[in-house]
Every structure is written in C-alpha cells, then in structure tokens.
Amino acid sequence: MRKLIAGNWKMNGVSASLVEAERLMALFEFAGPEIVICPPATLVAAMAARFRGSPLLVGGQDCHAQPSGAHTGDISAEMLKDAGASYVIVGHSERRQDHGESDAAVRAKAEAGRRAGLAPIVCVGETESERRAGRETEVVGRQLEGSLPRGPGPIVIAYEPVWAIGTGLTPTPEDIAAMHAFIRGRAGGGVRLLYGGSVKPTNARDILHLPEVNGALVGGASLKAEEFHAIVRAAM
Ligand code: PGA
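Just so you know, we're using this note's numbering here: the sequence shown kicks off at 881 and counts up by one.
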C-alpha cells in the first residue's frame, strides 16, 4: 500500500506561508509516498493553485455535514472540493474537544466528504486517562464504530492518541503496532491507517515502518518544508 503523509497546519498560516508549500514542491520526489497538506480553509484554494500540475495534494481540516445552507462560519465538503481539495480531516481530537463533536457528527462529516468526492481522514484516539485505565482499545473501538462512514468509498483512518498531540510524547512502537493491528481488524485490509501525534524527523522512520502503519498525520512538524520533507523521506 502506498504510504500517505498528511500535514495538518491547524490554525497556522497566512498567504506568506505558501512559501513553505512552494519549498516543499521543490523538494518533492515522485517515487515517494502520497503527500497532502491541510492548510487553514483560507489557504486551500491558493495552495491547490500552487500545487496544480504537481502530485502534491491539498485537504481541508474539517467540513460541515450539509452541502450548503444557513450555517454561519461553516464550510462544506463541496466548497473544499471546489477550492481544489482532495481530502478532508474529520473528527480531529481538537474538534471533538473544542466543538463537542460526537461520533455521529464525525460520521456525518465523513459521509459528506465522500459525497463531495473527498477522501475523509477520520481521526480516533484515546486520552491520557483512558490509556492509564487500560481502556484505549475500548475507546478507539467505540469511535470507529460510531464515526466511520457507512457503505463503500474512500477512507483513511488516523490513530492519534490525544496525549501525544503536540506534546513530544509518543506511544511505544509496541503500543502503536498493537493499536494499528486492532484498527486493521475492525477496518479491513484496504484502508490506509495513519499514526499521528508528535511525529518528527527523529522518530518518523521507527514509526512509519511498523506493521499496519501506512503513513502519518503530522501537525507541528508539517509547518516547515524541510522538517516535513524529512518525514516524507523516512517513509521511503
Ligand atoms: P502534532 O499534531 O504532530 O503537532 O503532535 C498532530 C495532529 O494533531 O494531527
């Protein structure tokens, strides 16, 4: 399975930051993994225009479940598609926490992504206290059950333990492999499974070559082209 390295810029980046996207394009090697950058919504169209004619792809960080309507401030999957996106992240733990998104809401967004022709990247992952209580597979199992889109269509799953996001902490390789094996058992063979949470150039090689790890979702380290490119190289 071809690996996928996705960069999640979160709420970072203005038009001047597109320079990083251009630097990434200059570093890109065609034989490597698939690469997608998910900038803030304000930059999706401009980044997609920069990437046109290159194999680099653009994604959204969230979408509304409806295609259009009276939802002030929201962005639909159809709008992301129209702006040039190919992927959309749904159910990131920051959305689940900050916006109270339930599994059902995440599923509706994932299905909206498919409806619009985007591949949804559905995020799951346990909190620190859930892991300390040994409940990580129970929690992730429930999230998978409730938030994966129904029916056939593209899907990527990102396992992101909440306590590993932006903290510099990562699970042990054994713990990552065990969770990915568990998710594989639930999701089936054809689904790309990404690991996310403090992926850096220094740990990417060890993580990206674990069994059932088909790529990474990278936050902080995706903001600098050289760092992100080092992670992409580690996948090869
Ligand atoms: P991080 O974020 O790489 O900065 O830990 C990952 C994510 O939230 O997707």
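Cβ coordinates follow ideal geometry from the N, Cα and C atoms, glycine included.
Could you tell me whether the Cβ atoms of residue i and residue j are closer together than 7 Å?
i: Ile917; j: Ala1115; result: no
i: Val1042; j: Ile1001; result: no
i: Ser1027; j: Val986; result: yes
i: Pro1032; j: Ala990; result: no
i: Val924; j: Ala957; result: no
i: Pro1091; j: Ala1058; result: no
i: Pro1034; j: Ala999; result: yes
i: Gly933; j: Lys961; result: no
i: Ile921; j: Ala988; result: As written in the sequence, residue 921 is Ala, which differs from the Ile given in the question. Contact flag unset, no.
Over what stretch of residues does the alpha helix (DSSP H) that includes residue i continue unbroken?
i: Leu1073; result: Note, Leu1073: premise wrong, no alpha helix (DSSP H); beta strand (DSSP E) at 1072–1076.
i: Val986; result: 983–996
i: Leu907; result: 898–907
i: Asn1083; result: 1081–1088
i: Ile1056; result: 1053–1067
i: Ala1114; result: 1105–1114
Round the Cβ separation of residue i and residue j to the nearest angstrom and send it over; I've been treating them as touching at under 8 Å.
i: Glu1040; j: Gly1077; result: 5 Å
i: Val1098; j: Asn888; result: 7 Å
i: Gly993; j: Val1020; result: About 20 Å separates the two Cβ atoms, so there is no contact after all.
i: Ala926; j: Ser895; result: 7 Å
i: Leu1074; j: Ala1038; result: 4 Å
i: Val1079; j: Gly912; result: Actually they are not in contact, since the Cβ atoms of Val1079 and Gly912 sit about 16 Å apart, beyond 8 Å.
i: Gln977; j: Val1004; result: Actually they do not touch by this definition, with Cβ atoms about 13 Å apart.
i: Gly844; j: Val968; result: No information on residue 844 is available, as it lies outside the stretch 881 to 1116 that the chain covers here.
i: Phe908; j: Leu937; result: Rounded, the Cβ-Cβ distance is 11 Å, inconsistent with contact.
i: Gly1095; j: Arg1072; result: 6 Å
Buried or exposed for residue i, going by 16 or more other Cβ atoms inside 10 Å?
i: Gln941; result: buried
i: Ala906; result: exposed
i: Phe931; result: buried
i: Met881; result: exposed
i: His1089; result: exposed
i: Ala1067; result: buried
i: Ser1102; result: buried
i: Ser973; result: buried
i: Leu904; result: buried
i: Arg1012; result: exposed
Between which two residues does the beta strand (DSSP E) containing residue i stretch?
i: Gly939; result: 937–940
Handout entry: 3 or more residues per run - each beta strand (DSSP E) lying fully within the region 1018–1042
Key = When DSSP assignments are scanned along the region 1018–1042, the uninterrupted stretches of beta strand (DSSP E) that are 3 or more residues long and fall wholly within it turn out to be 1036–1039.
Problem - Completely contained beta strand (DSSP E) runs for the region 944–983, where each covers 3 or more residues - result: Taking only runs of at least 3 residues, the beta strand (DSSP E) segments lying wholly in the region 944–983 are 967–970.
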